[in-house]
Each structure stands twice: as C-alpha cells, then as structure tokens.
Amino acid sequence: MDRRRMLTRLLVAGSAAPLALDSLVREALARDDRPGLRGFRGNVTINGVPAKFGMPVHPGDTVRTGAGSEAIYVIGRDAFMQRGDSHVAFGSGVAADLMRVITGRLLSVFDRGQRRIATPVATIGIRGTGCYIETAEDQTYFCLCYGEAVIARTGNPDQTETIQTRHHDKPMWLRDKPGGDMMSAAKLINHTDAELTLLEGLVGRKPPFVGVGWPPGEGY
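Position one of the sequence shown corresponds to residue 142 (our numbering), numbered consecutively onward.
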C-alpha cells in the first residue's frame with residue numbers, strides 16, 4: 142500500500158487523535174512530501190511567529206502550542222505531533238542532534254542517526270525510534286514505542302539505563318529525585334499506533350509493527 146492510501150485509510154477509519162486529528166491529516170495529505178509545518182489547529186507559533194501551513198521548521202527553531210492546539214511538522218527525516226500547551230526547542234550547529242521538550246507532550250519518529258531528547262528530569266539518547274513524551278511537574282512520562290534508548294538522569298548523568306522495545310513494551314515515569322528510583326512502570330497513555338503510522342508515513346516509512354490487517358479499528 143502506498144503512503145497516501147495508507148494515510149487516507151487512517152483518516153477514513155476514524156483512527157483519530159484526541160484533538161480532531163482528521164483536519165490535521167487532511168492538511169498533511171494536501172502537502173505530501175514537503176518538510177515543515179504539515180498541519181495545525183489553534184494557537185501555534187514557530188520562533189514566536191504565528192504559524193502558517195507549510196511554514197518551514199529548521200534545526201534551531203522553537204515550536205509552541207497553546208491550550209487545545211496541536212501541530213504536525215517534519216524536520217529532515219524526523220516527524221513530530223505536538224499537543225497543546227507544549228514548548229519544544231531544537232538544537233542547531235554542534236547541538237543539532239539535541240532537542241528539548243521543555244513543557245508539554247510530543248510524539249516523535251526519527252530516522253537513523255543519533256538524537257538526544259532533553260526533558261526536565263532526564264536526557265534520552267535514541268536512534269531510529271518512535272517515542273512519546275509528556276512532562277509533568279516533577280516527572281516525565283516516556284514511552285519508547287519501538288527501538289532502543291539510553292536514559293540518563295539529569296541530576297546524575299552517569300546513572301543510565303538502556304531499554305529496547307518492539308511495541309510499547311515498557312512505558313514509564315522518569316524522575317530526578319535524589320535517592321529515589323529514576324524509572325517506574327506506567328500505563329500506555331495519550332498516543333496511538335495510528336498516529337505513529339501517520340508520522341512515519343509523512344517521511345516515507347512504516348513503523349515496524351505495521352502488517353497485514355493494519356490499521357486497526359481502534360488505537361490505545
């Protein structure tokens with residue numbers, strides 16, 4: 142199945158995100174094969190400038206979403222779905238492999254190559270994976286949807302854990318409390334396989350779990 146047909150099936154099947162993904166999918170489909178902002182709703186800014194469809198997003202840029210807003214964008218061969226009330230900053234130059242989820246919620250899929258995601262409580266090293274991050278006051282939710290990640294505590298970077306998953310195998314809460322555990326088990330929340338498939342499709346890929354009978358009737 143080609144990418145456009147796959148994305149269209151996701152839309153028609155109603156495998157929608159919590160915030161009216163259908164309109165975002167239509168915008169993304171209308172701008173097939175283009176990097177930058179592929180769809181958005183609500184209050185979205187890039188480097189403080191109000192968003193417009195097709196607006197470029199580059200390394201070094203900052204993307205913010207207001208309450209009830211959402212944005213889908215592509216940088217190179219990586220794709221992102223940013224929920225409302227979120228602040229994400231991308232590094233450039235010697236820090237081009239670094240991105241910071243300062244506040245909020247972000248679903249991401251990445252091409253091969255090393256990336257680092259900094260959150261308030263941990264820095265996560267990844268390579269060619271899909272993941273969902275949601276920050277809270279003193280902890281960060283992290284689901285490595287598939288692939289491998291190395292997690293380092295912010296307050297003690299020498300303390301690391303390596304995890305591998307195939308399909309949402311180990312969602313967790315991350316914390317940076319001295320003397321406490323860095324990781325604890327969590328439930329799967331607030332992201333779907335349909336969304337991952339959409340993001341991978343925007344950059345010409347399929348997630349590793351896609352097979353016969355996909356997409357399913359409902360997501361997580």
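C-beta: ideal position from N, C-alpha, C; glycine also.
In its own chain, which residues sit with a C-beta less than 6 Å from the C-beta of Pro319, not counting the 5 before and 5 after it? none
Beta-carbon within less than 7 Å of Leu329's beta-carbon, same chain only, minus the 5 sequence neighbours each way: which residues are those? Cys284, His309, Pro312 and Tyr361
Can you tell me the Cα-Cα spacing of Val262 and Asp226, whole angstroms? 18 Å
Limits of the alpha helix (DSSP H) - the one that Leu337 falls within: Asp334 to Leu343
Have a look at Trp314, Leu315 and Cys272 and flag the residue whose alpha-carbon is nearest the alpha-carbon of Gln305. Cys272
Kindly indicate which three-state DSSP category Gly288 falls into: helix, strand or coil? strand
Nearest to Tyr282 by CA position, among Thr260, Trp314, Arg257 and Glu289, is which residue? Trp314
Check whether the Cβ atoms of Thr206 and Val185 lie closer than 8 Å to each other. yes
Suppose contacts are defined by Cβ-Cβ distances below 8 Å. Is Leu248 in contact with Glu336 by that definition? yes
In this structure, what does DSSP give as the bridge partners for Met313? Phe283 and Ala326
Classify Ala192 as helix, strand or coil using the three-state DSSP reduction. coil
Assigned secondary structure, Val198 (DSSP; H/G/I helix, E/B strand, else coil): coil
Burial state of Ala212, where buried means 16 or more other Cβ atoms lie within 10 Å: buried
Need the endpoints of the beta strand (DSSP E) that Glu275 sits in, please. Gly271 to Thr276
Measure the beta-carbon distance from Met240 to Ala230 and round it to whole angstroms, keeping in mind my assumption that it falls under 8 Å. 7 Å
Start-to-end residues for the beta strand (DSSP E) that takes in Pro204: Before going further, note that residue 204 is Val rather than Pro in the sequence given. Val204 -> beta strand (DSSP E) spans Thr203 to Thr206.
For Ala208, the nearest candidate out of Ile274, His228, Phe194 and His199 (CA to CA): His228
Residues near Val250 by beta carbon distance below 6 Å, same chain, minus five either side: Ala220, Gly271, Leu340 and Glu341
Considering Cα atoms alone, identify which of Gln280, Arg294 and Gly269 is closest to Tyr287. Gly269
Does DSSP put Val235 in a helix, in a strand, or in coil? helix
Where does Phe251 fall in DSSP's three states? coil
If you reduce the DSSP assignment to three classes, tell me which class Phe350 lands in. coil
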